[in-house]
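Undergrad: Protein chains in written order, with our numbering: chain E, 10 to 128; chain F, 29 to 382.
Can you keep this structure in mind? I'll have questions shortly.
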Amino acid sequence: MRWLVLLVFAGLASCHAHEAVSPAEESPPSPLRINSPRPVATTPEGLIKPGGIAKMQRALREKGLDAPQTDKLDEQTKSALLDFQKREKLPATGLPDYVTVRKLGLDPNDIFTRHKASR
Amino acid sequence: LHGPRWLVIPGIVFVGLVVVYAMLNTIAAFATRRALDRMHGIEGTFQRVNVSLWPPGYDVYRLKLVEKPVTPQKLKAPLAYADRVEMRWSWGQLFHRHKIRSVKLVGAKFRMPVERGKAAGEHPLNLARALQAVPTAALAQLSFVDSEVLVIDEKMKGHPTLWLHHLNGSLENLATRPERMGGRPAMLTLRGAVQRSGELTVFLTTDPFDRGLTFACSAELRNLELSDLYQFTKAEKLAMPRGSIDVFVSLASRRGKLRGTVKPFLKNVTVEAAGNAGLGDKIKAALADTAVQILSDRVPGRNAVATEVAIHGDLSHVNKEVFPAIVTVLRNAFVEGIAESLTRATPPKHARAG
Numbered sequence: 010m011r012w013l014v015l016l017v018f019a020g021l022a023s024c025h026a027h028e029a030v031s032p033a034e035e036s037p038p039s040p041l042r043i044n045s046p047r048p049v050a051t052t053p054e055g056l057i058k059p060g061g062i063a064k065m066q067r068a069l070r071e072k073g074l075d076a077p078q079t080d081k082l083d084e085q086t087k088s089a090l091l092d093f094q095k096r097e098k099l100p101a102t103g104l105p106d107y108v109t110v111r112k113l114g115l116d117p118n119d120i121f122t123r124h125k126a127s128r
Numbered sequence: 029l030h031g032p033r034w035l036v037i038p039g040i041v042f043v044g045l046v047v048v049y050a051m052l053n054t055i056a057a058f059a060t061r062r063a064l065d066r067m068h069g070i071e072g073t074f075q076r077v078n079v080s081l082w083p084p085g086y087d088v089y090r091l092k093l094v095e096k097p098v099t100p101q102k103l104k105a106p107l108a109y110a111d112r113v114e115m116r117w118s119w120g121q122l123f124h125r126h127k128i129r130s131v132k133l134v135g136a137k138f139r140m141p142v143e144r145g146k147a148a149g150e151h152p153l154n155l156a157r158a159l160q161a162v163p164t165a166a167l168a169q170l171s172f173v174d175s176e177v178l179v180i181d182e183k184m185k186g187h188p189t190l191w192l193h194h195l196n197g198s199l200e201n202l203a204t205r206p207e208r209m210g211g212r213p214a215m216l217t218l219r220g221a222v223q224r225s226g227e228l229t230v231f232l233t234t235d236p237f238d239r240g241l242t243f244a245c246s247a248e249l250r251n252l253e254l255s256d257l258y259q260f261t262k263a264e265k266l267a268m269p270r271g272s273i274d275v276f277v278s279l280a281s282r283r284g285k286l287r288g289t290v291k292p293f294l295k296n297v298t299v300e301a302a303g304n305a306g307l308g309d310k311i312k313a314a315l316a317d318t319a320v321q322i323l324s325d326r327v328p329g330r331n332a333v334a335t336e337v338a339i340h341g342d343l344s345h346v347n348k349e350v351f352p353a354i355v356t357v358l359r360n361a362f363v364e365g366i367a368e369s370l371t372r373a374t375p376p377k378h379a380r381a382g
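See below:
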């Protein structure tokens, strides 16, 4: 009986070999940041000051949108940003940018890092 | 005149202003036509313009840019077209800081041919010098709504196209002088669709005044059906397997030295037996080109269908055709990644059968 079960499982496994399914570890590559005179980063998080995302989430909630309190740019926060941008007739990307931050009533200098002595 | 005398001068000024305002559109249309006529190798047309005073603004309707010499075929498929281009200033910034507040493209369409032999040039791009050559100006936001880009790969047989559409995005904080950037990079955010099925998100920041090409970018392409890439493989008579793909791209260039990673994830891929052994290598041979040299190091993947392609490259000798060069780098990395993933996805039994 045990051999029969193993045989069934082996059969199922061989069928499964024809179908490659999505991997468990589906995540973007690690973010990169370059400290040039105007620092650049591959992700918005790389340019946002500590606590900056929490400020945006609070502002989104104050505008009646469903943003979490995670201080992370997660899917729910991106979705709330997208809804806000659509409502304000801004380019709807779901990503934080300078104009969206201003429309949220925040100062981009409080949210995004910047070099004070720019050339 | 029977009214009080003090009303005469304000009255004349008012009538004068009304006449000037009525003529503004004609003057703006004339100036736009002259500016378009000065463009080299491109003919520009538009339907009409509209000037507004509050907020100070200027709209161009049905703007079309066609490559010269103009032919009926080129008129049907112009290099660039926009239903409406809206430019806005604010009075204070206009007089004190030379700052254009925003430019908005509505329903814009761009054709972007990636031509053979145009990715590298004798004169490397110097973005800082190019920006500083024009008068002092700063653009707070260039946004685009419901726009599309058609990237035409003229390096390949049949000139297959990559269709990016329903694009919404913005480019912010772009200035022609470093001190106008406020210590922050120019930032591009974009969301849209690729071919029929893919969902694309792009985040890019760049320091245009650093020496050489300095930028960082991440892109996520999700749920692209592999059948949507049929155009790219039909010339080589290759059948793509069924399934979809997610691709994550992370790129950073410091003064032209490019590094980054491409991570493709194949989902629900059905790999056919026997005949498709070595499909990954065939696809790579069919699609990859060496217009821009990149060195790809394969990092061993953690499972059968995920792979990670590390990119190292040199963009310091790229000329003004920088966008096609970056597209080529991305395309090659994408091809490398998908080919590698497919090779891994092919069951060993089938590999032996081939």
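For glycine and all other residues, C-beta sits at the position ideal for the given N, C-alpha and C.
None of these values were measured; they are calculated from a predicted model.
Is VAL94/F near LEU107/F, with beta carbons less than 9 Å apart?
TA: For the purposes of this step, residue 94/F is taken as residue 66 along the second sequence, with counting starting at 1. For the purposes of this step, residue 107/F is taken as residue 79 along the second sequence, with counting starting at 1. Their beta carbons are under 9 Å apart, which means VAL94/F touches LEU107/F by this criterion.
Undergrad: Touching or not, the region 197-204 of chain F and the region 181-189 of chain F, by the rule of three or more beta carbon pairs under 8 Å?
TA: Segments in contact, no.
Undergrad: State the start and end residues of the unbroken beta strand (DSSP E) segment that holds GLU176/F.
TA: In the second sequence, counting from the first residue as 1, residue 176/F sits at position 148. Its beta strand (DSSP E) spans residues 166-181.
Undergrad: Tell me which residues share the same chain as ARG116/F and place their Cβ nearer than 6 Å to its Cβ, disregarding the 5 neighbours each side in the sequence.
TA: In the second sequence, counting from the first residue as 1, residue 116/F sits at position 88. Cβ neighbours of ARG116/F beyond the five flanking positions: PRO83, GLY85, ARG129 and SER130.
Undergrad: Determine, for ARG123/E, whether the minimum Cβ-Cβ distance to residues of chain F falls below 9 Å.
TA: For this step, residue 123/E is matched to residue 114 along the first sequence. It does; some Cβ of chain F falls within 9 Å.
Undergrad: Can you round the beta-carbon distance between ARG212/F and ILE43/E to whole angstroms, since I take them to be within the 8 Å contact cut?
TA: For this step, residue 212/F is matched to residue 184 along the second sequence. For this step, residue 43/E is matched to residue 34 along the first sequence. At roughly 14 Å, the Cβ-Cβ gap does not stay under 8 Å, so ARG212/F and ILE43/E are not in contact.
Undergrad: Output the distance between the C-alpha atoms of ARG128/E and PHE237/F, rounded to the nearest integer angstrom.
TA: By one-based count along the first sequence, residue 128/E stands at place 119. By one-based count along the second sequence, residue 237/F stands at place 209. Note that ARG128/E scores 43 on pLDDT, short of 50, meaning its location in the model is unreliable; the coordinates nonetheless yield the value given after this. Near 8 Å, if we compare the C-alpha coordinates of PHE237/F and ARG128/E.
Undergrad: For a contact defined as C-beta to C-beta under 8 Å, what are the partners of PHE138/F on chain E?
TA: For the purposes of this step, residue 138/F is taken as the residue at position 110 of the second sequence. Those do not exist, as PHE138/F stays about 16 Å from chain E at its closest Cβ, beyond 8 Å.
Undergrad: Would the region 86-94 of chain E count as touching the region 55-63 of chain F if we require 3 or more Cβ pairs under 8 Å?
TA: Contact between the region 86-94 of chain E and the region 55-63 of chain F is absent, because fewer than three Cβ pairs lie under 8 Å.
Undergrad: Could you pull the start and end residues of the beta strand (DSSP E) that SER198/F belongs to?
TA: Counted from its first residue, the second sequence places residue 198/F at position 170. The continuous beta strand (DSSP E) containing SER198/F extends over residues 189-203.
Undergrad: Suppose you measure from the CA of VAL173/F to the CA of VAL179/F; what does that come to, to the nearest Å?
TA: Within the second sequence, numbered from 1, the residue matching residue 173/F stands at position 145. Within the second sequence, numbered from 1, the residue matching residue 179/F stands at position 151. Each residue's alpha carbon lies about 18 Å from the other.
Undergrad: Return no unless some Cβ of chain E is closer than 9 Å to the Cβ of VAL222/F.
TA: In the second sequence, the residue the question calls residue 222/F occupies position 194. No, VAL222/F lies away from the interface with chain E (no Cβ there is under 9 Å from its Cβ).
Undergrad: Closest to ASN251/F by CA distance: which of GLU207/F, PHE243/F, GLU114/F and VAL297/F is it?
TA: Translated into positions along the second sequence, residue 251/F becomes position 223. Nearest option by C-alpha distance: VAL297/F.
Undergrad: With a CB to CB cut of under 8 Å and the five nearest residues on each side skipped, what residues in its chain are close to THR86/E?
TA: In the first sequence, residue 86/E corresponds to position 77, counting from 1. Correct list, in chain order: ILE62, MET65, GLN66, LEU69, ALA76, PRO77 and THR79.
Undergrad: Just to confirm my understanding: we take ILE40/F, look at its own chain, exclude 5 residues before and 5 after, and list those with CB closer than 7 Å. What are they?
TA: Against the second sequence, residue 40/F aligns to sequence position 12. Nothing meets the Cβ criterion.
Undergrad: Locate the alpha helix (DSSP H) running through PRO38/F, then write down its first and last residues.
TA: Here the question's residue 38/F lines up with position 10 in the second sequence. Looking at the DSSP string, the run of the alpha helix (DSSP H) that includes PRO38/F is 36-65.
Undergrad: Between ALA280/F, ASP111/F and PHE276/F, which lies nearest to GLU176/F when the distance is taken from Cα to Cα?
TA: Taking the first residue of the second sequence as 1, we reach residue 176/F at position 148. Measuring C-alpha to C-alpha distances from GLU176/F to each of ALA280/F, ASP111/F and PHE276/F identifies ASP111/F as the nearest.
Undergrad: Tell me which residues of the region 70-86 of chain E have at least one Cβ-Cβ distance to chain F shorter than 9 Å, keeping chain order.
TA: none
Undergrad: Which bits of chain F does ILE43/E rub up against, with CB to CB less than 7 Å?
TA: Residue mapping note: residue 43/E aligns to position 34 of the first sequence, counting from 1. Simply THR242, ALA244, ALA280 and ARG282.
Undergrad: Please decide whether GLU336/F counts as near chain E, where near means a Cβ-Cβ distance under 9 Å.
TA: In the second sequence, the residue the question calls residue 336/F occupies position 308. Taking Cβ atoms only, chain E reaches closer than 9 Å to GLU336/F, which makes this a yes.
Undergrad: Report the residue from LYS72/E, PRO59/E, LEU82/E and PRO100/E whose alpha carbon sits nearest the alpha carbon of LEU216/F.
TA: Locating residue 216/F in the second sequence gives position 188, where the first residue counts as 1. For the residues LYS72/E, PRO59/E, LEU82/E and PRO100/E, the minimum Cα distance to LEU216/F belongs to PRO100/E.
Undergrad: Name the residue from GLU253/F, PRO100/F, LEU232/F and PHE293/F whose alpha carbon lies nearest to the alpha carbon of LEU279/F.
TA: As a working note, residue 279/F is residue 251 in the second sequence. Minimum Cα distance to LEU279/F is reached at LEU232/F.
Undergrad: Would you mind sorting TYR109/F into buried or exposed? The rule is 16 or more other CB atoms within 10 Å of its CB.
TA: Stepping through the second sequence from its first residue, residue 109/F is reached at position 81. The residue in question, TYR109/F, is buried, as its Cβ has 16 or more Cβ neighbours within 10 Å.
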